[in-house]
Amino acid sequence: MIKKTDSQFNKPLYILYPGEFYATKEDCVISTVLGSCMAVCLFDVAKRIGGMGIFIVPGTIGTSGIISDAIASKGIGDIELLLGEIVKIGGDRRYLKAKIFGAGYPADSSSQMEQVMNSNIKFIYEYFTLENMTVERSDLGGEFRRRLYFFPWTGKVYRNILQNNEESSEFIKLEQEYIDSEFRQKEKFGRVILFD
Amino acid sequence: MKHILIIDDSPTIRISVEHALKSLGHAMVCAENGRDALGKIDALIAQGHDIALCVLDVNMPEMDGISFLKEFRSRDKFTPVLILTTESEDDKIKEGRSHGASGWIIKPFKPDELLSVAKRFLK
Ligand SMILES: [Mg+2]
């Protein structure tokens, strides 16, 4: 993540990269570029708390759903990281709303990605259904990249469809590296420590 | 009857833990934060039930996992408490240990692994 103080919004601008998440109580803007990754924006307008997380579920999820699916559990863990940070600054998931973006399959992505993206989209809907959390906006799929500007105090999101890859070449490279590494360790679980 | 208490603010995690532990055959009770859990424990004890194991999240609103653990340990020194959290910092883990946690599992968890750890503590 990098912070810019001279943004066009007259607020601090935080730029998030694939695999990162950020929660804040500050009146700011959080921005990213998405190809195949998904961005989850969570916010509580009354408390002026919000956060964004960027991740991918590395594979296709089995037909029995996201509970007890090894690949889905990685996505659940990623959203938990964001929610944990939101809880630490006073948020409560019972009062949060969500906006979700991404899971595109740009023309230059591999052919199996379309299947993975459809599975990611199924995952995210099933997750928010289980969480009983309102999804105010979902903008998923499609053969293009998106740039987002998220305002955590209000939950507002500006989304641009990117026609030109050149201005986002850094994001495209970092996203590919992130996706490759997530696929390499797709069944990686957290450590278990026993206190005896 | 012996109950397993699952304390997590995420419904998805609560269902996943129930799913992972159902083969143990224990009754399971869920709570969505530490305060909710203390109320559920009082109710279970009033009905003559015992708590066999707590599976406890850390980041929760109202009462977090470490605050719950302190309160719970002031009443119950022995019932195992397994922390299940995204928190992976050594200092946090040490804090859990110093307040009487039995183990620390970092999310995402492997259902089989959670089951075998739970079995070990239920012996
Ligand atoms: Mg939690």
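Line order of the protein sequences matches chains Y and U.
Number 52 in my numbering belongs to position 52 of the first sequence; there are no gaps in the numbering.
Count along the second sequence starting at 1, add 1000, and that's the number in my numbering.
Glycine is no exception: its CB is placed at the ideal position from the N, C-alpha and C atoms.
A quick note: this is a predicted structure, and the numbers were derived from the prediction, not measured.
Proximity test, M1060/U beta-carbon vs ligand 2 heavy atom, cut-off 6 Å = What this structure holds is ligand 1, not ligand 2.
Got a sec: does ligand 1 put a non-hydrogen atom nearer than 6 Å to the Cβ of D44/Y?
no
Contact check, S1102/U vs F195/Y, beta carbons under 7 Å: yes
Please tell me whether R147/Y has its Cβ less than 7 Å away from any Cβ of chain U. no
### Message
Bridge partners for M38/Y per DSSP, in chain order?
### Response
F55/Y and G102/Y
- How big is the Cα-Cα spacing for G35/Y and R1073/U? 48 Å
For this session: For D1009/U, verify whether its CB is less than 6 Å away from any heavy atom of ligand 1.
Result: yes
Exercise for the section: Report the neighbours of I1093/U on chain Y: residues whose CB is nearer than 7 Å to its CB, in chain order. Expected result: I193
- Item | Contact set between N120/Y and chain U, taken where Cβ atoms lie within less than 8 Å | What N120/Y touches in chain U: nothing, since even the nearest Cβ is about 16 Å away.
Does the Cβ of D1057/U lie closer than 6 Å to at least one heavy atom of ligand 1? yes
Review point. Going along chain Y in order, which residues have a C-beta closer than 9 Å to the C-beta of R1075/U?
Key: By Cβ distance, chain Y contributes nothing, its closest Cβ being about 20 Å from R1075/U, past 9 Å.
* **Limits of the beta strand (DSSP E) - the one that R145/Y falls within** => R145 to F151
Residues in the same chain with beta-carbon distance under 7 Å from E1095/U, minus the five sequence neighbours each way, listed in chain order, please. I1066
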